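Peer 1:
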Amino acid sequence: MSTHPIKELGEVALTEEGMTFHDVTETVASVTERSAPRNWWIALFIAASFAGVFGAAVGYLVWQGVGVWGNNAPVYWAWDITNFVWWIGIGHAGTLISAVLFLFRQKWRTAINRAAEAMTIFAVICALMFPGIHVGRPWLAYYMFPLPNSMAIWPNFKSPLIWDLFAVSTYFTVSTLFWYVGLIPDLASLRDRAMGMTGKFAKVRATAYGALALGWRGANRHWQHYERAYMILAALSTPLVLSVHSVVSFDFSTSVEPGWHTTIFPPYFVAGAVFSGFAMVMTLMLIVRAVYGMKAVITMKHLELMNKIMLVTGTLVGYAYGMEFFIAAYSGNPYEKYVFMNRAFGPYSWAYWTMITCNVVSPQLFWSKKLRTSIPVMFAVSIFINIGMWFERFVIIVTSLHRDFLPSSWGYYRPTAVDVCTYLGTLGLFFTLFLLFIRWVPMIAIAEIKGVLPQADPHAEEHGDHEHHDHAAESDAALAPGE
Amino acid sequence: MSRRKPYAPLGGAKETKLWKSAEERNDREAARARAATEFMPGAVEDVVEPTADEAAARLGRRGFMGFGAATAALVSQACIRRNVEKILPYTKAPEYVIPGVANHYATIIDTRGELVGALVESHEGRPTKIEGNELHPMSGGSTDLIMQASVMDLYDADRSDSALKSGKKVAMSEVEAAIAAVLATAQSDGGAKLRVLMRPTSSPTVVRLREAMKARLPHARVHTYSPVSEGNIREGARLAFGQAVMPLADFQKARVILSLDCDFLQTEQGSVRASRLFARGRKVEKAEDTMSRLYVVEPGSTITGANADHRLRLPARDVEVYARALAAELVAGGAEMGTVKASLGAEKPAGAAEKWLKVVAKELLANKGKSVVVAGRRQPAQVHALVNAINTALDNVGSTVSYAPVADTTEPADLAADLKALVTDIDGGKVDALFIVDGNPFYDAPGELGFKTALAKVKTSVHLSAKVDETTEKSAWHIPMTHELEAWGDGRALDGSWSVRQPQIAPLHGGRSEVEMWAMLAGVAAKPYDVVRDTFRASAATPSLFESAWSKALQTGLVERSNSVKFDARASFDDVAASLAKLKPQGAPVGDSNVEITFTSCPRMHDGRHANNPWLQELPDTMTKLVWDNAALIAPKMAKRLGLKSGDVVSLSRAGATLEVAVWVQPGLVDNSVQLALGWGRTAAGRYGNGRGFDVSSLRSAASMGFTDGVKLAATGKTYDLVQTQDHHSMEGRPIALDATLEQFRENPEFAKFRSPTPKTLPLWDRQQYTGHKWGMAFDMNACTGCNACVVACTSENNVAFVGKDQVYRGREMHWLRIDRYYTDDDFTGDNKIEGTEGDQNLPGNPPVIFQPIACVHCEEAPCENVCPVNATAHGAEGLNDMAYNRCIGTRYCANNCPYKVRRFNFLNWRGEPMYGDMPETEKMQFNPNVTVRMRGVMEKCSYCVQRIEEGKIGARRDGKTLGGNDVVSACQQACPSEAIFFGDLNDPSSKVAKAHKSDRGYAVLADLGTHPRTLHLGKVRNPNKEMMG
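Chains A and B are the protein sequences, given in the same order. Numbering-wise, the working numbering comes out as the position in the first sequence, counting from 1, plus 11. Numbering-wise, the working numbering comes out as the position in the second sequence, counting from 1, plus 3.
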């Protein structure tokens, strides 16, 4: 069996050369079996503290009303919706990596797809908080659902917020299913490994993973169904990548507000979402890779490819920024023109130039091979992009609202401490969930990684050397847990 | 407590042989063993005998019952209904009171010391809203902002509810006994050491009682003081006519109006009537229509100045010079002013271009008998005398200006001097007892007079006041005063109309009225009702008709023909000339080193008596848009020179008095004149008024109640937070509030439509046809003077919340209707220059102003409706953009998508926490029961007074009539004194609003968005004089 890629077939190493099936299982699964490293506990403590701050901030918000935030007239939406769109955007990379790249047979995705999908789900959870808590009377937010009621009132299906609600909840459901389906073989691996374990919680572990693995035995038929289900879900998810953020952008683009009422929004938002999603995946992967020593699985090759995607999407976003200005000038609409001049040179120009610097300028570094393969550079840039994309939403929402049609109603927005706590709190919630995920769930798709090992190739033996090996290498994880 | 023991056989008795089966009877032990194993092991545990401990822990039957009972008791306690508070039903319904149907009663309301006829809307005996009385000549059916807000004064939670003796609560009888004792003592020396301090009055009953008191105590003296007085006007009339009369200008008839520092549209008396007539005199619908031209000469920033066609900025001090120079110009132009000519002098006002004399004089002379000159109350009496002479010379008397007799002819001309006399007497030990009947001299007396120290020297001081205010705190006795809606009274309006004041509600906190106080002093024992009737009876021409005349006066709110006395004499030029000769020469000119300060009656607080009215506190000043504060207004030029910006604290000092006050840079002011509004900086006004703004009375002196120069201004380096509701003043070249000159209007009457066209795109769907009622509104910006009455009316009618200074700073004010104030770049007077380049200094010097009232415009294609996810805002069948508050979850998307930004969101619970704790019970009484009080988290906005529409429809259905196009009147429309607001059914072509919508000047704001608003705005037309321009 060859453990080297067959260069003649155009194969490239997607893991470090020389990795065996067992190495993969061991590397990934052991993270959930060993006791957590000290740093994990420290990180969890910090993250959970912030999540607690989130709970307190939201409790105070619900008790007192939206007035505890800085939102005002005319800036009725501010950090709340900024955070919502930002999180939704971050939640985009998961689906893109899992579904779109899967369909395009981009095998390098296997190293990052699991974590990216998890990140998607957690980001969408954070995002979904905001439509619920930002309303004036959160206890009545269920009015948005089409529930039969004695008043015979339906939601207003003309409202983009309703589209948004359906789009995001659909996305959440499909992403969760997709993630979970992909997890089943790996959960079975964990179950099987737990069966052989001794210790206090071995039984609990085995039962829990057993229940979650849904009786997966790695049978041929299982694999057949699994592959088909995965393919279908991937096909279902792919349009969602485009639709979710398009629909989110409708919240703005279908309105009459200058700065919002723009046809470029759907593609521009999608590009931005992919951009920010990859940046967040990059940030997280670099940390995980360093902390858990996963350099063998998440290779520089992966990182470089992701940086290339960021360069492309960042440039797309930059194009959109420029095009907005062009259209505003070309339209001759004085309100539109004013809004864009005000963005760049008005009271919020600092936010605008922060956005430009982070989103348009910083990814340009990746034209250089040296820089896009430098870990510190890509880490810094990914953080910049996260910040820049937050500012993009802030700029779109706040600078458009604060000066619209009637100058008599112009205003200025300042966040309050509760705004800041709510935002930092969602970060805490996100990282809490993510830390729990890397602790208890295989953070890398074991079965898929094995599928891209050179020895999984049916022709491996022709070019390889010695012993015979089962071609259905993927089932190896489930069949031979103790390997 | 004993617990009953269960019955048990006595111990030691032989066990009775009882058996249940034959087996048991035969072999008891075996049967028991068998019974024990009857069920599976563990199925019946009871067979195992409990140990002693277990038995003790076990819940027995009695224990169970006890526990159960306690649980039931606790559970039922927790779920008990709130205490039932029984209210008494109308078993004997008062006549005319139908629950749910409001009654209206005629009365008079005091606004800026003037009485205006009003109708009070009363729900089940609870006054909730003040409207104007159509039959009353000073109201004509409309009101000003203070009248609208006065109902909130009634429900002021900080009103005094008990008599006080040195600050401690005592029974009213105790105060009355003390007063009786004082009066008895006083009678021995004819009241030589007894003084009464009152506010100026126009009440014949008060005057009658006062004279009765004087007859009883011939040596007692009555002093009159008010921080804002009409003394100069009265004295000016006395100088010219030999008699104190009040001028009443007919601004409708006048074609040329010259205002000499006279804010006749707002802070002067008679503003309601003046606004109506002024607006009527400027109506232009067709090219051949004419309109009046208004020249204003003033130092500060007023709405009258904002409505001027040409406005001259002149220090208040120099207005007199201008008046004399103008008179000289008039004489030169051929006006006959007799000996006045010689005493005019040759001085010319510095800072006024020659055209301001030549052109204005020419216009006045060309419009003899059709012009009017008015002067403000703070200008010296000689200016008023001269103005009377000018109006006489221009043949305006009897045509555009008439004079009405005053109710209280003995009122001194100089009230500050009168107060000074009192202070001197107190200091001289001549006063033992002082009765202060209403008024707050401790707060509002000029600092120089030393009233504060004098008051402490009076042995017995009795203060009748609605509040425990600054004066009360220093008085020995206090009697709570009833509100004007709670007591009988009467009074004469500015034109002499006599009205009876009817109580609308029993006094909420007990107390005594002004009439009762005077009756006490006069030794009249009759009840106030009879006292007022007695005054009326005495003046009734035919005693036999008294009862019918009385009830008619109550019903109509006006004593018939009581204003028929008119005084149209010509001014005596000789007397005017003599008075002018006495004018003191002016000192050094107002300049950088000699700053002038002017004191104005605050447009909202007047003299401070309304300081605890949260509606007025939160009402944006029309010119500055400041809320919850006053400030020292300075010109941008001055700000630039001194490097000041809005919010900087400066110290103003003159003659030993120093005041630290925040400045506000306001366009339109003359350089080196600082405008200070009275009525702020109260320390004992109540929860809303305390510590708001700056008390400026310390800078006043008896000799300079209106203005003074010789003031030093120095920056202190401190800053103060001033909050305004509109911080951008330019339209940025957008077609929003549109205006044109009369000439441009004649050329293109549709100038406004032309600039704001409705898009001609094909609709994507069939537009809704409205076949029933089709409600619509129009704001005539040509008529709107910016007086703010509509904003308060809307607040009062629609239970609009106030939110406090901090929340306004955050941009969360709740007004459904606002008046946008824009400055335009036009220059009709040749001095509208941008003064500086930075921040607050980057403001125009003397800009034309345009007011644009705007509320929800009820778009037929409303952007807000599409975006609401829960259908909480939807279109009604009659074209109303309705809000379903119960359905609203508060996404605020509608407000984002509203291009007019007229939606208001309840960010917090404004009715309780967090502002000032829970809402006081009395304030809740003000709520209009026909309008939902909105909770936090809910969006709200103008509803076109849907409750009034429904009321009208119900009434029409009940009476079997059809509802006419003018039958429903919105609250803002009803209040508007200048008839600038039209509301009604657009499907009724005879309705005013349908006609307004057909006006050439009509246009839809932001029409290019295709919103098809139901509210149109009518473009403003200005009437500048070509000779003045350039």
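Glycine is no exception: its CB is placed at the ideal position from the N, C-alpha and C atoms. Keep in mind it's a predicted model, so treat the numbers as computed, not measured.
With a CB to CB cut of under 7 Å and the five nearest residues on each side skipped, what residues in its chain are close to A978(B)?
Peer 2: To locate residue 978(B), count along the second sequence from 1; it is residue 975. The answer, listed in chain order, is S145, T146, Q151, A792, C793 and A796.
Peer 1: Mind checking the segment 56-80 of chain A against chain B and listing, in chain order, the residues whose C-beta falls within less than 9 Å of any C-beta there?
Peer 2: Cβ contacts with chain B come from Q75, G76, V77, G78, V79 and W80.
Peer 1: Name the chain C residues that come within less than 8 Å of W90(A), Cβ to Cβ?
Peer 2: Here chain C cannot be found, since the structure's protein chains are A and B.
Peer 1: Kindly list, in the order they appear in chain A, the residues whose Cβ is closer than 7 Å to that of C871(B).
Peer 2: As a working mapping, residue 871(B) is identified with position 868 in the second sequence. The answer, in chain order, is N167 and S170.
Peer 1: Quick one: what's S419(A) bridged to in DSSP?
Peer 2: Numbered from 1 along the first sequence, position 408 holds the residue referred to as residue 419(A). Answer is none; S419(A) lacks a bridge partner.
Peer 1: Report, in whole angstroms, the separation of the C-beta atoms of F831(B) and W618(B), which I expect to be a contact under 8 Å.
Peer 2: The residue labelled residue 831(B) in the question sits at position 828 within the second sequence. The residue labelled residue 618(B) in the question sits at position 615 within the second sequence. Incorrect: roughly 35 Å between the Cβ atoms, too far for contact.
Peer 1: Are the C-beta of R770(B) and some C-beta of chain A separated by less than 8 Å?
Peer 2: What you label residue 770(B) is simply residue 767 of the second sequence in a count that begins at 1. No, no contact with chain A.
Peer 1: Got a sec, what are the start and stop residues for the beta strand (DSSP E) D203(A) sits in?
Peer 2: Stepping through the first sequence from its first residue, residue 203(A) is reached at position 192. Segment P171 to M206 is the alpha helix (DSSP H) holding D203(A); no beta strand (DSSP E) there.
Peer 1: Which residues does DSSP list as the beta-bridge partners of A109(B)?
Peer 2: Residue numbering aside, residue 109(B) sits at position 106 when the second sequence is read from its first letter. DSSP output for A109(B) lists L122(B) as bridge partner(s).
Peer 1: I'd like the list of long-range same chain contacts for I1044(B), defined as Cβ closer than 7 Å, with 5 residues on each side in sequence excluded.
Peer 2: Since the first residue shown for chain B is 4 and the last is 1033, residue 1044(B) is missing from the structure and cannot be characterised.
Peer 1: On the DSSP letters alone, give me the boundaries of the alpha helix (DSSP H) that G696(B) sits inside.
Peer 2: Walking along the second sequence from the start, residue 696(B) turns up at place 693. Looking at the DSSP string, G696(B) is not in any alpha helix (DSSP H), and its letter there is neither H nor E.
Peer 1: Look at L1009(B) and F351(A) and say whether their C-beta atoms are less than 8 Å apart.
Peer 2: The sequence position of residue 1009(B) within the second sequence is 1006, counting from 1. The sequence position of residue 351(A) within the first sequence is 340, counting from 1. Not closer than 8 Å, so no.
Peer 1: For S733(B), return the contacting residues in chain A, with the cut-off set at a CB-CB distance below 9 Å.
Peer 2: Here residue 733(B) refers to the residue found at position 730 when the second sequence is read from its first residue. Here the neighbours are P418.
Peer 1: Consult DSSP for E863(B) and reduce its assignment to one of helix, strand or coil.
Peer 2: Translated into the one-based positions of the second sequence, residue 863(B) becomes position 860. Reduced to three states, the DSSP call for E863(B) is coil.
Peer 1: Whole angstroms are fine: how far does the CA of G78(A) sit from the CA of V69(A)?
Peer 2: Position 58 of the first sequence, counted from the start, is the residue given in the question as residue 69(A). Position 67 of the first sequence, counted from the start, is the residue given in the question as residue 78(A). Roughly 12 Å separates the two Cα atoms.
Peer 1: List, from N- to C-terminal side, the beta strand (DSSP E) runs of 3 residues or more that fit wholly inside the segment 623-648 of chain B.
Peer 2: Segments of the beta strand (DSSP E) lying fully in the segment 623-648 of chain B: 635-637.
Peer 1: Is T22(B) buried or exposed, if buried means 16 or more other CB atoms sit within 10 Å of its CB?
Peer 2: Taking the first residue of the second sequence as 1, we reach residue 22(B) at position 19. In the sequence as displayed, the identity of residue 22(B) is Trp instead of Thr. W22(B) should be labelled exposed.
Peer 1: Do you know whose CA, among K944(B), G692(B), A877(B) and R64(B), lies nearest E800(B)'s CA?
Peer 2: Taking the second sequence and counting its residues from 1, the one referred to as residue 800(B) is at position 797. It is K944(B).
Peer 1: Compute the distance between the beta-carbons of V860(B) and R1017(B), then report whether it is under 8 Å.
Peer 2: Working through the second sequence from its first residue, we reach residue 860(B) at position 857. Working through the second sequence from its first residue, we reach residue 1017(B) at position 1014. Cβ atoms of V860(B) and R1017(B): closer than 8 Å.
Peer 1: Among V668(B), D809(B) and D674(B), which residue has its Cα nearest to the Cα of W631(B)?
Peer 2: Counted from its first residue, the second sequence places residue 631(B) at position 628. The option with the nearest alpha carbon to W631(B) is D809(B).
Peer 1: Quick one, are the C-beta atoms of D253(B) and A378(B) less than 8 Å apart?
Peer 2: Locating residue 253(B) in the second sequence gives position 250, where the first residue counts as 1. Locating residue 378(B) in the second sequence gives position 375, where the first residue counts as 1. Contact flag unset, no.
Peer 1: Considering only their Cβ atoms, is the gap separating N391(B) from V375(B) smaller than 8 Å?
Peer 2: Numbered from 1 along the second sequence, position 372 holds the residue referred to as residue 375(B). Numbered from 1 along the second sequence, position 388 holds the residue referred to as residue 391(B). No. Outside cutoff.
Peer 1: Would you check if the distance between the CB atom of S468(B) and the CB atom of L437(B) is smaller than 8 Å?
Peer 2: Here residue 468(B) refers to the residue found at position 465 of the second sequence. Here residue 437(B) refers to the residue found at position 434 of the second sequence. No, the pair does not count as a contact, with Cβ atoms beyond the cut-off.
Peer 1: For the beta strand (DSSP E) containing V714(B), name the first residue and the last one.
Peer 2: If you number the second sequence from 1, residue 714(B) lands on position 711. Where V714(B) is concerned, the enclosing beta strand (DSSP E) stretches over F710 to T722.
Peer 1: Using alpha carbons as the reference points, say which of A584(B), A880(B), W501(B) and S405(B) lies closest to S542(B).
Peer 2: Counting from one through the second sequence, the residue named residue 542(B) turns up at place 539. Nearest option by C-alpha distance: W501(B).
Peer 1: Quick check on E301(B): does DSSP put it in helix, strand or coil?
Peer 2: Taking the first residue of the second sequence as 1, we reach residue 301(B) at position 298. Reduced to three states, the DSSP call for E301(B) is strand.
Peer 1: Output the distance between the C-alpha atoms of A416(B) and P221(B), rounded to the nearest integer angstrom.
Peer 2: Within the second sequence, residue 416(B) is the residue found at index 413, counting from 1. Within the second sequence, residue 221(B) is the residue found at index 218, counting from 1. The alpha-carbon atoms of A416(B) and P221(B) are separated by roughly 22 Å.
Peer 1: For chain A, find out if any of its Cβ atoms is closer than 8 Å to the Cβ of T894(B); answer yes or no.
Peer 2: Looking up residue 894(B) in the second sequence gives position 891. Yes - at least one Cβ of chain A is within 8 Å of the one on T894(B).
Peer 1: Quick check: the Cα distance between V431(A) and L376(A), rounded to an integer number of angstroms?
Peer 2: Counting from 1 along the first sequence, the entry for residue 431(A) is found at position 420. Counting from 1 along the first sequence, the entry for residue 376(A) is found at position 365. Answer to the nearest angstrom: the Cα atoms are 31 Å apart.
Peer 1: Report all residues from its chain with a CB closer than 6 Å to the CB of L176(A); omit the five preceding and five following residues, and keep chain order.
Peer 2: Sequence index remark: in the first sequence, residue 176(A) carries index 165 (1-based). Correct list, in chain order: M155.
Peer 1: Would you give the residue range spanned by the alpha helix (DSSP H) that V508(A) belongs to?
Peer 2: Outside the displayed span of chain A (12 to 494) sits residue 508(A), for which this structure offers no information.
Peer 1: Checking 8 Å against the spacing of the C-beta atoms, do L418(B) and S604(B) come in under that value?
Peer 2: Translated into positions along the second sequence, residue 418(B) becomes position 415. Translated into positions along the second sequence, residue 604(B) becomes position 601. In this structure, S604(B) does not lie closer than 8 Å to L418(B) by Cβ.
Peer 1: Does any C-beta atom of chain B lie closer than 8 Å to the C-beta of M352(A)?
Peer 2: For the purposes of this step, residue 352(A) is identified with residue 341 of the first sequence, where counting begins at 1. Output row for M352(A): interface = no.
Peer 1: Would I275(A) pass as a contact of A331(A) if the rule is Cβ separation under 8 Å?
Peer 2: Within the first sequence, residue 275(A) is the residue found at index 264, counting from 1. Within the first sequence, residue 331(A) is the residue found at index 320, counting from 1. In contact: I275(A) and A331(A) (Cβ atoms closer than 8 Å).
Peer 1: Within the segment 353-401 of chain B, note down every full beta strand (DSSP E) run reaching 3 residues or more, in order along the chain.
Peer 2: If we require 3 residues or more, the beta strand (DSSP E) runs fully inside the segment 353-401 of chain B come out as 374-378.
Peer 1: By the criterion of Cβ-Cβ separation under 8 Å, what are the contact partners of G210(A) in chain B?
Peer 2: Residue mapping note: residue 210(A) aligns to position 199 of the first sequence, counting from 1. Residues of chain B passing the Cβ test: none, with the nearest at roughly 34 Å.
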